[in-house]
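What follows is one structure encoded as structure tokens, with my remarks underneath.
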Amino acid sequence: MTLILENISKKIQHQQVLKNVCFELNEGEIVGLVGRNGAGKTTLFRTIVGEMKADFGRIGLDDQDYVRTISVHDQLFYVDMPENWLAHYTPNKIKSILSLSYKDFYSDWYDERIKQFNLNSKKRVQTYSKGMRALFTIIVGFASRARYVLLDEPLDGLDVLIRDQVKQLIIDRVNKNNTTVLIASHNLIELDTLVDRILLLKDGSINMTFAIENNNNIKKYQVAYDNDEMLAFLRDNGTIIAHVGHIVTVVFSDFDESIGIKLAGSDFKFIEELPIGSEDIFRASFASEAHAWQKELEGE
Ligand SMILES: Nc1ncnc2c1ncn2[C@@H]1O[C@H](COP(=O)(O)OP(=O)(O)OP(=O)(O)O)[C@@H](O)[C@H]1O
Numbered sequence: 463m464t465l466i467l468e469n470i471s472k473k474i475q476h477q478q479v480l481k482n483v484c485f486e487l488n489e490g491e492i493v494g495l496v497g498r499n500g501a502g503k504t505t506l507f508r509t510i511v512g513e514m515k516a517d518f519g520r521i522g523l524d525d526q527d528y529v530r531t532i533s534v535h536d537q538l539f540y541v542d543m544p545e546n547w548l549a550h551y552t553p554n555k556i557k558s559i560l561s562l563s564y565k566d567f568y569s570d571w572y573d574e575r576i577k578q579f580n581l582n583s584k585k586r587v588q589t590y591s592k593g594m595r596a597l598f599t600i601i602v603g604f605a606s607r608a609r610y611v612l613l614d615e616p617l618d619g620l621d622v623l624i625r626d627q628v629k630q631l632i633i634d635r636v637n638k639n640n641t642t643v644l645i646a647s648h649n650l651i652e653l654d655t656l657v658d659r660i661l662l663l664k665d666g667s668i669n670m671t672f673a674i675e676n677n678n679n680i681k682k683y684q685v686a687y688d689n690d691e692m693l694a695f696l697r698d699n700g701t702i703i704a705h706v707g708h709i710v711t712v713v714f715s716d717f718d719e720s721i722g723i724k725l726a727g728s729d730f731k732f733i734e735e736l737p738i739g740s741e742d743i744f745r746a747s748f749a750s751e752a753h754a755w756q757k758e759l760e761g762e
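Yeah, the sequence shown ends on 762 if you go by our numbering, and it's all consecutive.
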């Protein structure tokens with residue numbers, strides 16, 4: 463089964479939040495969704511599950527129209543806790559409510575996880591701490607046994623020990639049930655340890671899709687230069703994400719042989735390849751904005 467988004471567009475109060483968003487999610491993938499604050503990640507989630515109606519475009523599960531085909535609505539799970547009305551209830555009540563719409567609700571597994579993570583089953587979810595709510599949302603999401611689970615900032619507020627267990631839980635569910643997980647997060651370091659690839663939402667559209675592993679197109683170097691011509695070469699071919707004296711850290715998002723040859727030459731005083739992370743790619747994607755702010759601060 464494939465979840466297909468075709469040209470999804472959404473305007474909220476005259477603001478074009480989503481513009482022709484297109485991507486596909488395949489079975490068993492863990493995919494990250496990143497973007498700046500207000501980029502439209504939550505709006506996209508709400509539009510995918512039909513909480514918000516897209517102005518244009520189509521959301522399909524294979525060749526079925528997801529929004530119009532009620533019989534496939536149990537294939538997608540997204541709950542915005544604590545905003546969702548479900549948060550007014552206890553875990554037991556939530557289980558009985560969700561079992562009506564998610565016919566394959568994994569009741570035993572749900573009860574075991576509530577116990578494992580010491581969540582109070584007698585308290586309303588609304589009264590949980592932020593971290594406990596995040597944890598509960600992940601548990602209920604996977605208990606639904608929906609083919610697609612959408613998680614908005616799932617690791618936000620979790621302490622480091624719980625975070626490790628939750629990451630393991632996500633991987634375990636994906637491996638055992640072939641669930642597909644879409645994770646919106648600002649924590650790119652955590653995402654790097656979890657996802658197969660990352661979608662970057664910028665200017666309302668999916669601006670870039672990238673995978674860290676086995677990606678030879680994206681490279682990061684620390685370089686010492688001694689003339690303006692060398693600096694111009696780095697600026698023209700890559701994005702400088704740090705610059706101290708004559709030493710720069712540069713990310714090449716389109717690394718090719720010609721750049722490799724130039725770097726390997728003796729022109730630069732010092733050069734070292736550094737491990738790449740999603741944060742580097744994110745910074746590189748927003749380098750012009752960061753550069754403008756820097757200039758503004760320097761001008762103050
Ligand atoms: N109900 C609403 N009414 C008015 N504007 C809205 C509404 N929902 C979202 N927006 C606007 O749409 C834009 C996208 O918001 P959204 O919450 O989807 O972003 P986000 O990427 O999830 O942000 P963050 O990373 O900060 O959580 C923002 O400019 C926001 O103000």
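Ideal Cβ placement from N, Cα and C applies to all residues, glycine included. Owing to the predicted nature of the structure, the values given are computational and were not obtained by experimental measurement.
If you check the CB distance, residue 632 and residue 601 do not come in under 8 Å. In this structure the region 703-715 does not touch the region 650-667; the number of beta carbon pairs closer than 8 Å is below three.
Judged by DSSP in its simplified three-state form, residue 512 adopts coil rather than helix or strand.
Look at the beta carbons and you see the region 621-635 not touching the region 665-676: under three pairs across the two are nearer than 8 Å. Between residue 603 and residue 539, the CB-CB gap stays under 8 Å. For residue 537, no beta strand (DSSP E) segment is defined, and its DSSP state is neither H nor E. Here the distance from the Cβ of residue 499 to the nearest heavy atom of ligand 1 is below 7 Å.
Assignment of beta-bridge partners to residue 494 by DSSP yields 645, 660. According to DSSP, residue 610 shares a beta bridge with 538, 642. Ligand 1 has no heavy atom closer than 7 Å to the beta-carbon of residue 511. Rounded to whole angstroms, residue 736 and residue 681 show a C-alpha spacing of 8 Å.
In the structure shown, the three-state DSSP call for residue 686 is strand.
Counting other Cβ atoms within 10 Å of its Cβ, residue 675 stays below 16 and is therefore classed as exposed. Cβ neighbours of residue 646 within its own chain (closer than 6 Å, five residues either side excluded): 495, 503, 614.
Per the DSSP secondary-structure output, residue 468 pairs in a beta bridge with 520. Listed in chain order, the beta strand (DSSP E) runs fully inside the region 560-624 are 610-614, counting runs of at least 3 residues. If you draw a 10 Å sphere on the C-beta of residue 595, you find 16 or more other C-beta atoms in it, and that means buried. DSSP places residue 650 inside the alpha helix (DSSP H), whose first and last residues are 650-654.
Going by DSSP, residue 668 is part of the beta strand (DSSP E) stretching over 667-672.
The three-state secondary structure of residue 482, taken from DSSP, is strand. In this model, residue 583 and residue 525 are separated by some 40 Å (Cα to Cα). Membership of residue 714 in the beta strand (DSSP E) is indicated by the continuous run 709-714.
If you draw a 10 Å sphere on the C-beta of residue 541, you find 16 or more other C-beta atoms in it, and that means buried.
Excluding sequence positions up to five before and after residue 514, its CB lies within less than 6 Å of the CB of 508, all in the same chain and listed in chain order. For residue 738, there is no enclosing beta strand (DSSP E), as DSSP marks it with neither H nor E.
C-alpha of residue 580 to C-alpha of residue 616: approximately 18 Å in a straight line.
Where residue 704 is concerned, the enclosing beta strand (DSSP E) starts and stops at 701-706. Classified as buried, residue 742 has 16 or more neighbouring CB atoms from the shown chains inside 10 Å of its CB. Looking at 497, 489, 475, 485, the one whose alpha-carbon comes closest to that of residue 517 is 475.
If the five residues before and after residue 493 are omitted, its C-beta is found closer than 8 Å to the C-beta atoms of 487, 642, 643, 644, 645, 657, 658, 659, 660, 661, all from its own chain and listed in chain order. For residue 527, the pairing in a beta bridge is given by DSSP as 522. Relative to the non-hydrogen atoms of ligand 1, the Cβ of residue 479 comes within a distance shorter than 7 Å of at least one.
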